[in-house]
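Numbering (my numbering), first residue to last: 1373 to 1625.
Here is the structure we will look at, set down as structure tokens.
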């Protein structure tokens, strides 16, 4: 592939440019029997994001490259990819965090455990099916109070981490159990269940604990910590899964 350059904003930034090889795992179901690597040579700055580089490849070098991205600011979670062997959001990953010097190579692959539709684009439906299975919405059939339903600061704090999930699938698709057992609900769904299980205003706690206690639920977790390391929102996922496990055990005692 021909070399391309991300245009520097000022003369001062031009000195910080470096040449990188971006190695992307490509797959087109209409043409390919299996995935293959394609390498693009790009000039960029250390402060650029991996998403900037991939966008440049698509916009100026190879428009056939396919991937998801939306907000570009780590909120929507749509651009989860395997970058240098680790699940990350391309929009939050700076080049300086994945390369050391000019001439280095970045590898970019689709997240694992979900069917690859094309290139870096995977079928997210199984992931969202697991999410829907835990009833990820507030359930309360009691008469509405005159004012708001009150939550204690202590319980609000307990739910704070699980409320930060953006459903990027970085955690679930980094889980070795999910890779070999697609029926496992996965870390992201358990985190979403945690948010409602520990909400004292919600009335479906028992239903969710029953879902967690099935053979597709929390007991599949082997505490590998991959999910916690992969989370771009710094959610202590393994800890939250253990809290749900304890809640399930408590309801049985």
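By construction, the Cβ of each residue, glycine as well, lies at the ideal position given by its N, Cα and C atoms.
Quick caveat: nothing in here was measured; it's all calculated off a predicted structure.
With fewer than 16 other beta carbons inside 10 angstroms of its own, residue 1527 counts as exposed. In this structure residue 1415 touches residue 1390 by the C-beta definition: roughly 7 Å separates them, less than 8 Å. By the neighbour-count definition (other C-beta atoms within 10 Å, threshold 16), residue 1622 is an exposed residue. Inside the segment 1449 to 1526, DSSP marks whole alpha helix (DSSP H) runs of 4 or more residues at positions 1497 to 1505, from first to last along the chain. When the five nearest sequence neighbours on each side are left out, the beta carbons in the same chain lying within less than 7 Å of the beta carbon of residue 1543 are those of 1559, 1560, 1599, 1602, 1603 and 1609, in order along the chain. Excluding five sequence positions before and after residue 1471, the CB atoms of its chain that fall closer than 7 Å to its own CB belong to 1392 and 1478, given in chain order. Residue pairing by DSSP places residue 1422 opposite no residue, since no beta bridge is assigned to it.
Rounded to the nearest angstrom, the gap between the Cα atoms of residue 1429 and residue 1556 is 36 Å. Only exposed fits residue 1521, as fewer than 16 other CB atoms lie within 10 angstroms of its CB.
Fewer than three beta-carbon pairs drawn from the segment 1453 to 1464 and the segment 1500 to 1513 are found closer than 8 Å, and the two stretches are therefore not classed as touching. Taking each of 1464, 1446, 1483 and 1398 in turn and checking the Cα distance to residue 1537, the smallest one comes out for 1446. If the five residues before and after residue 1590 are omitted, its C-beta is found closer than 7 Å to the C-beta atoms of 1562, 1584, 1613, 1616, 1617 and 1620, all from its own chain and listed in chain order. Using a 10 angstroms sphere on the CB of residue 1495, the tally of other CB atoms stays under 16, which defines it as exposed.
Between the alpha carbons of residue 1485 and residue 1436 lies a distance of about 23 Å.
When C-alpha distances from residue 1593 are compared across 1549, 1498 and 1553, the shortest belongs to 1549.
Under the three-state reduction of DSSP output, residue 1597 falls in the coil class, being neither helix nor strand.
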